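Counting with my numbering, you get residues 181 to 454 for the letters of the sequence shown.
Don't be surprised by glycine CBs; every beta carbon is placed ideally from N, CA and C.
All values reported here derive from a predicted model rather than from experimental measurement.
Remarks on the structure that follows.
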Amino acid sequence: MMMNLLGIVGSPRKMGNCELMVKAISAAVPGSAKLRMVRLVEKDIRPCKACYRCLAGDCPHQDDYAGVLRAIMEADAVVVAAPAYFRGTHSSLQRFLDRCLQAYRHVDALYGKPAVAVATAGVEDGEGSALTGVENFIRQLGLSLKGRAVVRATFPGDAILSSEGRNTALRLAAALVSPDEYAPEGVSCPECKGTYFEFRGRTAVYCLSCGGTGSFSVKDGNVDLLIGPPAHSWRRKEDMASHGKWLIGQREEFLRQRNRLKDAVKPYLGGEFL
Ligand SMILES: Cc1cc2nc3c(=O)[nH]c(=O)nc-3n(C[C@H](O)[C@H](O)[C@H](O)COP(=O)(O)O)c2cc1C
């Protein structure tokens, strides 16, 4: 059966490396795929106002957000590609993700949908946290990360000129349809298979992907991670749904505490903003 594939392009460049990787992955999907794409920078996605209204009702912004979220929900699988900008991920991804408190009302339509992550980077070792950001976009929406890659590409077109880019497209296309669980190479978080960590002190380690903490040991040159679940998790489907409900409770709690908080901040009222 034909797969409905959504490509999310987090680059302003038309026919740039992200767009090309999305198209190359789609062309390589075993069977066949019908590709639709979203170029996030062309969409009117306004910044989240942090009003929390969307948890139970409608978002006050009337813009393109809902249409993009609907496209993600309707797709069978998703490819997300964004370039490294200043060793981070292009901001269009985070700007969209910032609006995603409203996605907690759509866990059933989002959770477990296969997705792959691509970060393009023009400089050798220049990707920084770019791929982390693309993976985080996928994970926070509850999609199932099936594969990921950094593609080295400087000029628009480099991604498909290089055999690395073409092979990556083949690998990620196969991963999208594979029934196998995502299994990153090397050391990964036993809780979530994330591969990004912060060392805390000399012995503790924190997983940036799921928030789990624990310790690590090195034996015969191999790192072993002992990481348990975080204090508050929204990684599994049931956690994600209950996190949405918890946030609604937090909004009610804020309303109960509002007067006390208002008094506390009074001495800080005003200030000069440019
Ligand atoms: C403003 C800006 C910042 C960039 N910062 C980085 C960087 O920190 N590291 C890097 O490797 N490449 C960096 N690049 C290069 C792009 O990541 C690279 O050219 C990529 O292939 C662009 O993908 P695209 O063609 O889909 O836009 C930067 C490019 C721009 C325009």
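Checklist entry - Which first and last residues belong to the alpha helix (DSSP H) in which LYS446 is found? => result If you look at LYS446, you'll find it isn't in any alpha helix (DSSP H); DSSP assigns it neither H nor E.
Checklist entry - How would you call VAL403, buried or exposed, if buried means at least 16 neighbouring beta carbons within 10 angstroms? => result exposed
Item to check | Beta-carbon proximity of SER272 to VAL314, cut-off 8 Å | outcome: no
Checklist entry - If we count the other Cβ atoms within 10 Å of its Cβ and call it buried at 16 or more, is HIS270 buried or exposed? => result buried
Checklist entry - Straight-line CA distance for LEU323 to LEU290? => result 6 Å
Checklist entry - Do you know how far the Cα of LEU186 is from the Cα of GLY247? => result If you draw a straight line from the Cα of GLY247 to the Cα of LEU186, it is about 13 Å long.
Item to check | Residues near GLY306 by beta carbon distance below 8 Å, same chain, minus five either side | outcome: ALA264 and ARG267
Item to check | Per-residue burial, THR300 [other beta carbons within 10 Å of its own, 16 or more giving buried] | outcome: buried
Next on the checklist: Less than 7 Å separating the Cβ of PHE266 from some heavy atom of ligand 1?
Outcome noted: yes
Checklist entry - Hey, is VAL303 close to ligand 1, as in C-beta under 7 Å from one of its heavy atoms? => result yes
Next on the checklist: Given this structure, state the Cα-to-Cα distance separating LEU200 from GLU452, to the nearest angstrom.
Outcome noted: 46 Å
Next on the checklist: Check whether the region 202-218 and the region 230-239 touch, using three or more Cβ-Cβ pairs below 8 Å as the test.
Outcome noted: no
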